[in-house]
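A.B. asks: Under my numbering, the letters of the sequence shown match residues 126 to 898, in that order.
Positions of the beta carbon are idealized from the N, C-alpha and C atoms, including for glycine.
This one's a predicted model, so the numbers in the text were calculated from it and none came from an experiment.
Quick one: this structure, given as structure tokens, is what I'll be asking you about.
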Amino acid sequence: MKNLIIALFSICCLQAAEIRVDLSQAGKKVSPNLFGIFLEEINHAGDGGLYAELIRNGSFAEAPTLDAWVAVRTGAANVNLFFDSSTPLNSVKARSLRIEINSPNGERAGVSNEGYWGIAAKQGESYQFSMWARGAEGFDGPLSITLEGKDGAVYGQAQITGLKTAWSRFSGSFQAGATDPAARLTIAANRNGTFWLNMVSLRHGKDIFRADLLQMLKDLKPGFVRFPGGTYVQGNDRATAWRWKNTIGDLESRPGHQNAPWTYWSTDSLGFHEYLLLCERLGAVPMYVAYAGMTWTPNSKSPFGVLENHKIPVSDFPMDQMGPIVQEALDAIDYANGPVTSRWGALRAKAGHPAPFGLKYIEIGNEDGFNPLYADRYMLFYNAIKARYPDVQIIANERRGRTAGELPMDLVDEHIYARPMMAIEMAKRLDGRDRNGPKAVLAEYAVQGSAGFGNMRAALAEAVMLSGLERNSDVMPLASYAPLLAHVKAINWRPDLIYFDGVSSYGTPSYYVQKMFADTRLDSVVPVEVKAEDLRVRTDGAVSTEGYNAETEFQEGRGIGTGDNFTYTVRARKTAGDGGIVVRFAQDGSGTYLAWFIGVRHRASTLHVWGGGGMLDVPAHQLESSFGGAIGRQVNGALDTGRWYDVKIQVEGRRVRCFLDGKEIHNAEVPETLGPSVYGLAGRTAGGEVVLRLVNVSPLKQSVSIDLVGTSADSYSAVSTHLTSKNLDDENSLTEPKRVGPIERRLPSIGGKFQYELEGNSFTVLKLTPERK
């Protein structure tokens, strides 16, 4: 139910903005590898995602449970399943699954694997399976291998025979006869007997990378790939840290490990070699994050100062035991770059890649700089690497509260997860950054506050921030969004850039911002002057109430006072759903508003609770402006279903106070403006095209007068690409993958001075090509 109180308002018009682009200068060079990607094993980004294995828990390492595996039986047949380590496949694949079948009438029994929340069967497509198997004395098969639906409908099948008491590898293929997004692979027999399985695999196609996800990454044209983490590198202790030597060689020789920070098993099938192959496939420079002998542990105090129950890095190895850890990093560089005559270069060649991969960057740890023990350990790595590989660029972790220049480094890594306005302010701060200090890598960034699972609000703020990065790539030459990939059934963190299930994938509005930058890569930026009205924040206007991911009821809504001095009260209750209530006020009809979100999820401005597997979306109360996001601090709190609450919002000029059942929840000063309504950047491509990047953070259309000065061209052919959505909360989804997507159109020939109308809530790229006479 929705209750709307009508108040008098007028939609004001914005004066035309003016943009002056100085093309008389060559401009400042832009870092050629500025925008990259960061791939971490989080949200099942690799296992169940980019890595094209369809079977989950194929080596039965996820004990003590049979994750993804279930017993199947028909008629009077019976089956018992047991973990068995008595006859290991090898030293690192010790556990297998023992299947004992009793089938007096020749009926089928065995075991099924559902993959990662369903195996996507596609009619007419070929599937390749493999497994290691052995039989008890007197049982040699046959085993039926079927791709089937949950109801047992068979889509594709094969058979293997000749099981021996010793382990043997079997493989085969079949074609799917139907399409089913939730199929399963079943391995069964129809006679009495016992057999064992290990390393069960099913693939669609020959590529180790999933085609649609790989293409989405290619479309970003990344300059570099940062891997493999992230918190994934450290783990929670020595046993769960990512050790690259355990991730190379045949899959049978890779033990896998518990991905402790994100609470699932990592097969390490996407290993060091595969990450390097991915870089090569994408034409991107590798950036390896090396384990620094430090891991993360839960702590009640966060190094960020604003988070609860976060984790802090601790030393996992004393200084006198750091030698082998430093050697690991040296050996990783040798594997990536060394000659085939070196120990690790020879292993790379044996894996099918004699040519060096060209590893250019190595980062020492991830977010370990918060710990005062980091500096001494970092210096061990720095001295050893520079002595042996002087051309490899070394990246130090950010050390908040300390001067970056205290340590020798080529680059320092900085991370920012921000509210919309914080991201914009960050871009402005770069303009004044010390040009004599160390250059920085923005290896992890995203607008997280009021961003949901990746909405238009976040995309616009990031477009402004990315323009700031282009303008200042002399001090911050590398940047990558985080996280990159997320399976919709396994989200550890939000927002993410690309979401997927077993069948399809989609990019968020932020993904399309990244792609629009990639499609018009700049060689240089030129001076730009932008004159535009500020985006004003009103405190007067209409009020409305509604449920937010919940069914709600409202009673006795009333307002007392006028203009920007009023009090609004209403009785409200949630009747169903996991969400809460939102009261929007100060609405002027243009799309701007203030809003009080009460007991809602997915609007947190920061990672506020660490849940041993990522951020927890606990219910919270949050005061927001339409574009700027959170005003003040959020307050954790939920609404009880069925209970009536007294809601009150009191506005006195710029001061807003919010009460729930008489208790003050927020008391905040609302800013008069959020800065300019239009942001602009201009530059040239390597081919001489002029590119303008324009962000309109107002919900109103804006006319822009653009003046290209200092150009010898009389006219330009022009192509416009814009991303826009009326509602800043709009997101894409599996069912609406391009609800918010770029729209391209060719414009009539234009001169050096022209008018252009920007859509409200929009990011626009104008590509201008000088016309020859």
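Can you give me the C-alpha to C-alpha distance between Ile-487 and Ala-474, rounded to a whole angstrom?
C.D. replies: Near 21 angstroms, if we compare the C-alpha coordinates of Ala-474 and Ile-487.
A.B. asks: In or out: Leu-859 buried (at least 16 other Cβ within 10 Å) or exposed?
C.D. replies: It counts as exposed.
A.B. asks: Which value, in whole angstroms, describes the spacing of the CA atoms of Ser-874 and Val-589?
C.D. replies: Whole-angstrom Cα-Cα distance: 27 angstroms.
A.B. asks: What are the uninterrupted segments assigned as beta strand (DSSP E) that are 3 or more residues long and contained completely in the segment 292-366, given in chain order?
C.D. replies: Entirely contained in the segment 292-366, the beta strand (DSSP E) runs reaching 3 residues are, in chain order, 293-300, 305-314, 318-329, 349-352.
A.B. asks: Nearest by alpha-carbon distance to Glu-262: which of Ser-269, Gly-287, Arg-871 is it?
C.D. replies: Checked all of Ser-269, Gly-287, Arg-871; the closest Cα to Glu-262 is Gly-287.
A.B. asks: Specify the secondary structure class of Thr-94 as computed by DSSP and reduced to three states.
C.D. replies: As displayed, the chain neither begins before 126 nor continues past 898, which places residue 94 out of reach and without an answer.
A.B. asks: Could you give the distance in angstroms between the alpha-carbon of Ser-156 and the alpha-carbon of Val-517?
C.D. replies: The straight-line gap from Cα to Cα measures roughly 17 angstroms.
A.B. asks: In the DSSP assignment, find the unbroken alpha helix (DSSP H) run with Lys-640 in it and report its ends.
C.D. replies: 634-644 is the span of the alpha helix (DSSP H), which, as asked, contains Lys-640.
A.B. asks: Among Thr-846, Ala-186, Val-815, whose alpha-carbon lies nearest the alpha-carbon of Thr-836?
C.D. replies: Out of Thr-846, Ala-186, Val-815, Val-815 has the C-alpha closest to the C-alpha of Thr-836.
A.B. asks: Can you check which of these residues, Arg-728, Gly-348, Ile-723, Lys-788, is closest to Ala-763 by C-alpha distance?
C.D. replies: Residue Ile-723 is the option with its Cα nearest to Ala-763.
A.B. asks: Among residues of its own chain, excluding the 5 on either side of Arg-335, which ones have a beta-carbon nearer than 6 angstroms to its beta-carbon?
C.D. replies: Result list for Arg-335: Leu-175, Ala-177, in chain order.
A.B. asks: Taking Asn-462 as part of the beta strand (DSSP E), name the residues at either end of that continuous run.
C.D. replies: Looking at the DSSP string, Asn-462 is not in any beta strand (DSSP E); the run it does join, the alpha helix (DSSP H), is 448-462.
A.B. asks: Between the alpha carbons of Gly-430 and Arg-758, how many angstroms are there, rounded?
C.D. replies: Interpretation of Gly-430 is limited by its pLDDT of 35, a score under 50 that renders its predicted location unreliable; the figure taken from the coordinates is listed afterwards. Roughly 13 angstroms between the two C-alpha positions.
A.B. asks: Cα-Cα, which of Ala-366, Ala-548, Asp-344 is closest to Gly-800?
C.D. replies: The residue with the shortest Cα to Cα distance from Gly-800 is Ala-548.
A.B. asks: Do Ser-296 and Gln-284 come within 8 angstroms of each other at the CB atom, strictly closer than that value?
C.D. replies: Not in contact: Gln-284 and Ser-296 (Cβ atoms no closer than 8 angstroms).
A.B. asks: Can you confirm whether the segment 593-608 touches the segment 143-152 when touching is taken to mean that 3 or more C-beta pairs between the two stretches lie within less than 8 angstroms?
C.D. replies: No, the segment 143-152 does not touch the segment 593-608.
A.B. asks: For Ile-136 and Cys-783, what's the separation of their Cα atoms in angstroms?
C.D. replies: In this prediction, Ile-136 scores a pLDDT of 44, lower than 50, which makes its location untrustworthy; the coordinate-derived value is nonetheless stated afterwards. Going by the C-alpha atoms only, they are around 26 angstroms apart.
A.B. asks: Span of the alpha helix (DSSP H) holding Phe-625?
C.D. replies: Unbroken run through Phe-625 is the beta strand (DSSP E), 623-625; no alpha helix (DSSP H).
A.B. asks: Buried or exposed, going by whether 16 or more other CB atoms sit within 10 Å of the CB of Asn-384?
C.D. replies: By the neighbour-count rule (16 or more Cβ atoms within 10 Å), Asn-384 is buried.
A.B. asks: Would you mind sorting Gln-639 into buried or exposed? The rule is 16 or more other CB atoms within 10 Å of its CB.
C.D. replies: Its Cβ being crowded by 16 or more others within 10 Å, Gln-639 is buried.
A.B. asks: Report yes or no: do three or more beta-carbon pairs, one from the segment 246-257 and one from the segment 318-337, lie closer than 8 angstroms?
C.D. replies: Yes, since at least three Cβ pairs between the segment 246-257 and the segment 318-337 fall closer than 8 angstroms, the two stretches touch.
A.B. asks: Along the chain, where does the alpha helix (DSSP H) containing Leu-407 start, and where does it finish?
C.D. replies: Unbroken alpha helix (DSSP H) run through Leu-407: 397-407.
A.B. asks: Helix, strand or coil: how does DSSP classify Gly-470 here?
C.D. replies: Of the three classes helix, strand and coil, the one that applies to Gly-470 here is helix, per DSSP.
A.B. asks: How is Trp-387 classed by DSSP in three states: helix, strand or coil?
C.D. replies: The answer is helix: DSSP assigns Trp-387 an H, G or I state.
A.B. asks: Quick one: using the 10 Å Cβ neighbour count with 16 as the cut-off for buried, is Lys-218 buried or exposed?
C.D. replies: Classification for Lys-218: buried.
A.B. asks: For Lys-773, report the span of its alpha helix (DSSP H) as first-last.
C.D. replies: Looking at the DSSP string, Lys-773 is not in any alpha helix (DSSP H); the run it does join, the beta strand (DSSP E), is 769-777.
A.B. asks: Quick check on the DSSP output: the beta strand (DSSP E) that includes Lys-614 runs from which residue to which?
C.D. replies: Where Lys-614 is concerned, there is no enclosing beta strand (DSSP E), given that its DSSP letter is neither H nor E.
A.B. asks: Identify which residue in Pro-411, Gly-490, Leu-272 has its Cα closest to the Cα of Gly-360.
C.D. replies: Looking at the Cα atoms, Gly-490 is the closest of the given residues.
A.B. asks: Helix, strand or coil for Leu-484? Go by DSSP, reduced to three states.
C.D. replies: Leu-484: coil per DSSP, three-state reduction.
A.B. asks: From the DSSP output, in three-state form, read off Lys-218 for me.
C.D. replies: Here Lys-218 sits in coil by DSSP.
A.B. asks: Based on DSSP bridge pairs, tell me the residues matched to Leu-833.
C.D. replies: Leu-833 is bridged to Val-146.
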